[in-house]
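Peer 1: Just dropping this structure here.
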Amino acid sequence: MALTKAGLDGRTACNCLHFAAAVEVLESTPDPDEAVIRETLSPELSANSFGRRMTLLSPYRVLDLTDDRGNLAGFILARLGAEVIAVEPPGGSPVRRLGPFDSKGHSLVHSPYARGKKSVELDIATPAGASALRQLAADADVLIESGAPGEMASLGLGPEALAEINPALVVASISPFGQTGPKAGWAATDLTVWAAGGPMHMCGDEDRAPLQIGVPQAFLHAAGQAAAAVTLALVERNQSGLGQHIDISAQAVAMNSTMSSVLCSLVGAPLTLRGGGGIRSGPIRLRVVYPASDGYVSFTHVFGAAIGPATARMMQLVHEAGFCDAATASKDWVQYGMALGDGSETLEEFERIKECVAAFTAAHTKDELFALALEHRLLLAPVATTADVADSEQLASRDYWDIVDGERYPGHWMKPEPTDGSADRVAEVGEHNDEVLAGQRKPAVSAPSVAAATERPLAGLKVLDFMWAVAGPTVSRLLADAGATVIRVESSVRLDAVRTFLPFINNEPGPENGATFNNMNAGKLGITLNPGTAAGREVAEDLVRWADVVCESYTPRIMASWGLDYESICEINPSVVMLSSCLFGQTGPLADYAGYGNLSGALAGFYNITGWSDRAPVGPYGAITDYTSPHPATASLLAAIDHQRRTGEGRYLDFSQAEASIHFIAPAVLEYLRNGKVVGGVGNASNHFCPHGVFPAAGDDRWVAVVAQDDAAWQSLAGLIGCAGLADLPLPERLVRREELEAAVSAWTGELDEAQVERQCQAAGIAAHRVQNSPELTVDPQLEHRNHWVEVPHATHGTTVIEAPRFSMSRSQVWPEVAGPALGEHLYEVLTDHLGYDGDRIAELAAAEAFD
Numbered sequence: 034m035a036l037t038k039a040g041l042d043g044r045t046a047c048n049c050l051h052f053a054a055a056v057e058v059l060e061s062t063p064d065p066d067e068a069v070i071r072e073t074l075s076p077e078l079s080a081n082s083f084g085r086r087m088t089l090l091s092p093y094r095v096l097d098l099t100d101d102r103g104n105l106a107g108f109i110l111a112r113l114g115a116e117v118i119a120v121e122p123p124g125g126s127p128v129r130r131l132g133p134f135d136s137k138g139h140s141l142v143h144s145p146y147a148r149g150k151k152s153v154e155l156d157i158a159t160p161a162g163a164s165a166l167r168q169l170a171a172d173a174d175v176l177i178e179s180g181a182p183g184e185m186a187s188l189g190l191g192p193e194a195l196a197e198i199n200p201a202l203v204v205a206s207i208s209p210f211g212q213t214g215p216k217a218g219w220a221a222t223d224l225t226v227w228a229a230g231g232p233m234h235m236c237g238d239e240d241r242a243p244l245q246i247g248v249p250q251a252f253l254h255a256a257g258q259a260a261a262a263v264t265l266a267l268v269e270r271n272q273s274g275l276g277q278h279i280d281i282s283a284q285a286v287a288m289n290s291t292m293s294s295v296l297c298s299l300v301g302a303p304l305t306l307r308g309g310g311g312i313r314s315g316p317i318r319l320r321v322v323y324p325a326s327d328g329y330v331s332f333t334h335v336f337g338a339a340i341g342p343a344t345a346r347m348m349q350l351v352h353e354a355g356f357c358d359a360a361t362a363s364k365d366w367v368q369y370g371m372a373l374g375d376g377s378e379t380l381e382e383f384e385r386i387k388e389c390v391a392a393f394t395a396a397h398t399k400d401e402l403f404a405l406a407l408e409h410r411l412l413l414a415p416v417a418t419t420a421d422v423a424d425s426e427q428l429a430s431r432d433y434w435d436i437v438d439g440e441r442y443p444g445h446w447m448k449p450e451p452t453d454g455s456a457d458r459v460a461e462v463g464e465h466n467d468e469v470l471a472g473q474r475k476p477a478v479s480a481p482s483v484a485a486a487t488e489r490p491l492a493g494l495k496v497l498d499f500m501w502a503v504a505g506p507t508v509s510r511l512l513a514d515a516g517a518t519v520i521r522v523e524s525s526v527r528l529d530a531v532r533t534f535l536p537f538i539n540n541e542p543g544p545e546n547g548a549t550f551n552n553m554n555a556g557k558l559g560i561t562l563n564p565g566t567a568a569g570r571e572v573a574e575d576l577v578r579w580a581d582v583v584c585e586s587y588t589p590r591i592m593a594s595w596g597l598d599y600e601s602i603c604e605i606n607p608s609v610v611m612l613s614s615c616l617f618g619q620t621g622p623l624a625d626y627a628g629y630g631n632l633s634g635a636l637a638g639f640y641n642i643t644g645w646s647d648r649a650p651v652g653p654y655g656a657i658t659d660y661t662s663p664h665p666a667t668a669s670l671l672a673a674i675d676h677q678r679r680t681g682e683g684r685y686l687d688f689s690q691a692e693a694s695i696h697f698i699a700p701a702v703l704e705y706l707r708n709g710k711v712v713g714g715v716g717n718a719s720n721h722f723c724p725h726g727v728f729p730a731a732g733d734d735r736w737v738a739v740v741a742q743d744d745a746a747w748q749s750l751a752g753l754i755g756c757a758g759l760a761d762l763p764l765p766e767r768l769v770r771r772e773e774l775e776a777a778v779s780a781w782t783g784e785l786d787e788a789q790v791e792r793q794c795q796a797a798g799i800a801a802h803r804v805q806n807s808p809e810l811t812v813d814p815q816l817e818h819r820n821h822w823v824e825v826p827h828a829t830h831g832t833t834v835i836e837a838p839r840f841s842m843s844r845s846q847v848w849p850e851v852a853g854p855a856l857g858e859h860l861y862e863v864l865t866d867h868l869g870y871d872g873d874r875i876a877e878l879a880a881a882e883a884f885d
């Protein structure tokens, strides 16, 4: 037989995922015949060779002690192949008792994030339970917890105590504000943390209170960040042999969902303010939600070099349909923002134009408008309901949904993955006690006898970065913070869109003035290159040879047009790890749909669940999937890097922003899949707490989020608001009387300033926090304690301010040292120092138009 295990090479070996699966099957087959091998190597069957989850983290055991403040972290790690053991208190995690429920009584808040985990029931508050956990920790690789700061230490189970038992253990702590600092002990809920982080102030109608997203987000984002930080610590541990403690602040993670608008006050830009289905910046109101005849669509009605051409195409259609005249349609949509700024175009005229667009969209269905968007490359997407998400042709084409016990759940966020999700069922409470507590294992690494020197965890890693806009650069920014050498490839002809996004330094538009660009690309080396020329492709191929990792976030046709698709890259560098991140993945009818996170957010269901029940949906602030998707993307990429370093194997990660982001609203999606209920906007209401809302404080547009997080908090709040006679109302009765009780809270808060409300509530153990925007965040004492605002060198401004990472590590340095690069700033350095070109070679390449 000509084809043997030793003979699996060339293009077959180039597909590292496929090759690894084939070897697994061949090694388990005593004497495979050629038919077996051909079946094994069949592209149609290759995705089914791995089990339900990927195997990148298969050597690791994770102890998951979280509740709803962190359970997504363990789920992400389980999907990447780790053995995750949920350590539940007697009777099971309290999340199991949070509604809504399916017909079998299973919590739709618990089940989407509990799948694929084993369950051990332990009372760690007792000596016997604490002892059992210590034994588990001695054998584990990771422990994730989301208790109050100091709670684990009070049980003798803090990071220091666990490190004595197992120096290789990685411990991740998720908390509202971090483990130390003036707010570390504050009472908090998801709503108050979201208020503390900034995105709430930018979401909602300007004549009403700022809004939450329909599914609570703050701790899901924090848990996603925890999963990424844990995988980073595992990569580092395989160098040093040591674990460490990771401190994740949910407030700091929530700030990422403002797309750097939290920097406005620090860079001299006007504030970003909520404006219904859009935003306000200075006097300009940008609208992104428009009516359709059967619902709503999101249209990115913005200007500038990156987006203006798409706006022009939309306005031409509006004109052709008779909803505006030719003069309106033919305005300079690239420079239109400048015209509004200098007064040559009036704000009243812009309002008229938006009404023309609204009349056009209202005359068409969502499907008709989306068909036009696909045909004409418009930045428009339907505002999908959860029913639309469940029926998505794109998701079906990628075999997205997990089928567990005959029921659908949100599934993979990467290809290839298999179709049978039976391994991802939800365990019964304590189902694995006997198996886990009786078993013995060793951590995947042995701790060294002498501690390794503290260093940046990805020092020496080489990354070639073709990322674009926000979601992708957020991933590679963390790699740079962690010490990787990241070479970012750009074009001076077709600017990265994020260079044209608000806020601008000193409110002056320009490619070097984008605060978001500087923030998302801190620490990277910047070059300009044109891979569309033969000379530019030669340079790109040399960079591929240099790199350990290649990451890109274009639509699939772009990299292929340059001859830089994975198959081509892998022929150049077979051990490379490559991440392709786009809105909908590399396959399916929407694979080539280009756009931003606001559009995939609309299609993934975020917009319809955010708003008021009596008004049109407003959607979350900005490009929501640009904030959700980087967490699982980063965790997946770091897991592949860890696997590469352990095995020498490369990987290809076909990552879909929308598929990953649906997990962040999984309870709402399951409400439809299980109960047939389409979730819409409910303002700031909650079925788990009451009162639970955002209430006015004294002053203009001043607001405070206040939540009675339990009966004791309600009793205290009832006294503060003059309703002491209602202090004994249980939660079900409070929910029935929600409007009455929240009106009383509103009347009380309206007489006080934000600080007074915070102070009185926190003193009484009630969760409360002012709704912050950039001015409040820049002087927040908790952020000052965490050194969140970082002044760094900048090529054209001398210095500028960016944000710190959202977590800290006890041994490793993860920190930015310089702002994002100017266009082509490091081209000569990269060509000479990293590629070894001499002056003659560089001159030849320049003459051949290699550098864009």
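Sequential numbering from 34 applies to the sequence shown in my numbering. No residue lacks a Cβ here, since even glycine has one placed at the ideal position from N, Cα and C.
At which residues does the alpha helix (DSSP H) containing T832 begin and terminate?
Peer 2: First-last for T832: G831 to E836, but that is the beta strand (DSSP E), not the alpha helix (DSSP H).
Peer 1: Given a threshold of 16 other Cβ atoms within 10 Å of its Cβ, counted over all protein chains shown, does T658 qualify as buried or as exposed?
Peer 2: Per the 10 Å Cβ criterion, buried.
Peer 1: Across which residues does DSSP place V823 in a beta bridge pair?
Peer 2: Beta-bridge pairing links V823 to I835.
Peer 1: Here's a check: name, in chain order, each residue in its chain whose Cβ is nearer than 6 Å to the Cβ of Y369, leaving out the five neighbours to either side.
Peer 2: Only F336 meet the Cβ criterion.
Peer 1: CB-CB under 6 Å to T588, same chain, minus the five flanking residues each way: which ones, in chain order?
Peer 2: Excluding residues within five positions, the ones whose Cβ falls inside 6 Å are C615, D625 and A627.
Peer 1: In the DSSP assignment, what residue or residues form a beta bridge with P324?
Peer 2: For P324, which the question treats as bridged, DSSP gives the partners Y329.
Peer 1: Out of G869, Y93, A801 and S293, point me to the one whose CA is closest to F537's CA.
Peer 2: Looking at the Cα atoms, S293 is the closest of the given residues.
Peer 1: Could you give the distance in angstroms between the alpha-carbon of E193 and the alpha-carbon of A229?
Peer 2: Whole-angstrom Cα-Cα distance: 29 Å.
Peer 1: From the DSSP output, in three-state form, read off D575 for me.
Peer 2: Correct three-state label for D575: helix.
Peer 1: When the Cβ atoms of the region 425 to 432 are set against those of the region 647 to 654, are three or more pairs found closer than 8 Å?
Peer 2: No: the two stretches stay apart, fewer than three of their Cβ pairs being nearer than 8 Å.
Peer 1: For A256, count neighbouring C-beta atoms within 10 Å of its own C-beta (all shown protein chains included) and say buried if the count is 16 or more, exposed if not.
Peer 2: Answer is buried; the Cβ neighbour count reaches 16.
Peer 1: Count the other CB atoms, across all protein chains shown, that sit within 10 Å of the CB of S61; report buried if there are 16 or more and exposed otherwise.
Peer 2: Note that S61 scores 38 on pLDDT, short of 50, meaning its location in the model is unreliable and no value can be drawn from it.
Peer 1: Just to confirm my understanding: we take T865, look at its own chain, exclude 5 residues before and 5 after, and list those with CB closer than 6 Å. What are they?
Peer 2: Around T865: no qualifying Cβ.
Peer 1: Note down, one range per segment and in chain order, each alpha helix (DSSP H) of at least 4 residues found wholly within the region 336 to 400.
Peer 2: Runs of the alpha helix (DSSP H) inside the region 336 to 400: 341 to 353, 359 to 362, 369 to 375 and 380 to 395.
Peer 1: Count the other CB atoms within 10 Å of the CB of P209; is the residue buried (16 or more) or exposed (fewer)?
Peer 2: Burial call: buried.
Peer 1: Can Y660 and S290 be called in contact, C-beta distance under 8 Å?
Peer 2: Going by C-beta atoms, Y660 is nearer than 8 Å to S290.
Peer 1: For W227, does the three-state DSSP call read helix, strand or coil?
Peer 2: Looking at W227 - three-state DSSP - the assignment turns out to be helix.
Peer 1: Closest to N552 by CA distance: which of L224, E772, H821 and G644 is it?
Peer 2: If we check each option's Cα against that of N552, H821 comes out closest.
Peer 1: Does DSSP put A880 in a helix, a strand or coil?
Peer 2: In this structure, A880 counts as helix in the three-state DSSP scheme.
Peer 1: Classify H409: buried if its beta carbon has 16 or more other beta carbons within 10 angstroms, exposed otherwise.
Peer 2: Classification of H409: exposed, given that the 10 Å Cβ count is below 16.
Peer 1: Can you tell which of D743, V825 and G683 has the C-alpha that lies nearest to the C-alpha of P849?
Peer 2: Considering only alpha carbons, the answer is V825.
Peer 1: For T507, name the three-state secondary structure that DSSP assigns.
Peer 2: It is helical.
Peer 1: When you compare the region 390 to 401 with the region 314 to 326, are there three or more beta-carbon pairs, one atom per stretch, that lie closer than 8 Å?
Peer 2: Yes, they touch.
Peer 1: Please list, in chain order, all residues of the same chain as H278 whose beta carbon is under 6 Å from its beta carbon, the five residues on each side excluded.
Peer 2: Around H278: P192, V204 and S843.
Peer 1: What does the Cβ neighbour count give for L413, buried or exposed, with the cut at 16 atoms within 10 Å?
Peer 2: The residue in question, L413, is buried, as its Cβ has 16 or more Cβ neighbours within 10 Å.
Peer 1: Quick one: residues in its chain with C-beta nearer than 6 Å to the C-beta of T16, no 5 flanking neighbours on either side, listed in chain order?
Peer 2: What is shown of the chain runs 34 to 885, which leaves residue 16 out entirely.
Peer 1: If you count every other CB in all the chains shown that lies within 10 Å of the CB of V268, and 16 or more means buried, which is it?
Peer 2: Answer is buried; the Cβ neighbour count reaches 16.
Peer 1: In chain order, what are the residue ranges of uninterrupted beta strand (DSSP E) at least 3 long that sit wholly in the region 697 to 778?
Peer 2: If we require 3 residues or more, the beta strand (DSSP E) runs fully inside the region 697 to 778 come out as 725 to 729 and 736 to 740.
Peer 1: Could you tell me which whole alpha helix (DSSP H) segments of length 4 or greater appear in the region 577 to 613?
Peer 2: If we require 4 residues or more, the alpha helix (DSSP H) runs fully inside the region 577 to 613 come out as 589 to 594 and 599 to 605.
Peer 1: Give a yes or no on contact between the region 242 to 258 and the region 634 to 650, applying the rule of three or more CB pairs nearer than 8 Å.
Peer 2: Cβ pair count under 8 Å is three or more, so yes.
Peer 1: Assess contact between the region 134 to 146 and the region 161 to 172, defined as three or more Cβ pairs (one per stretch) separated by less than 8 Å. Is contact present?
Peer 2: No: the two stretches stay apart, fewer than three of their Cβ pairs being nearer than 8 Å.
Peer 1: Whose C-alpha, out of V263, G341, A420 and P542, is nearest the C-alpha of T667?
Peer 2: Minimum Cα distance to T667 is reached at V263.
Peer 1: Express the C-alpha separation of P490 and L511 in angstroms, rounding to a whole number.
Peer 2: Roughly 11 Å separates the two Cα atoms.
Peer 1: Kindly indicate which three-state DSSP category L856 falls into: helix, strand or coil?
Peer 2: In this structure, L856 counts as coil in the three-state DSSP scheme.
Peer 1: Taking all protein chains shown into account, decide if N720 is buried (16 or more other Cβ within 10 angstroms of its Cβ) or exposed.
Peer 2: When all chains shown are included, N720 counts as exposed.
Peer 1: Measure the beta-carbon distance from L195 to L202 and round it to whole angstroms, keeping in mind my assumption that it falls under 8 Å.
Peer 2: About 5 Å separates the two Cβ atoms, so the contact holds.
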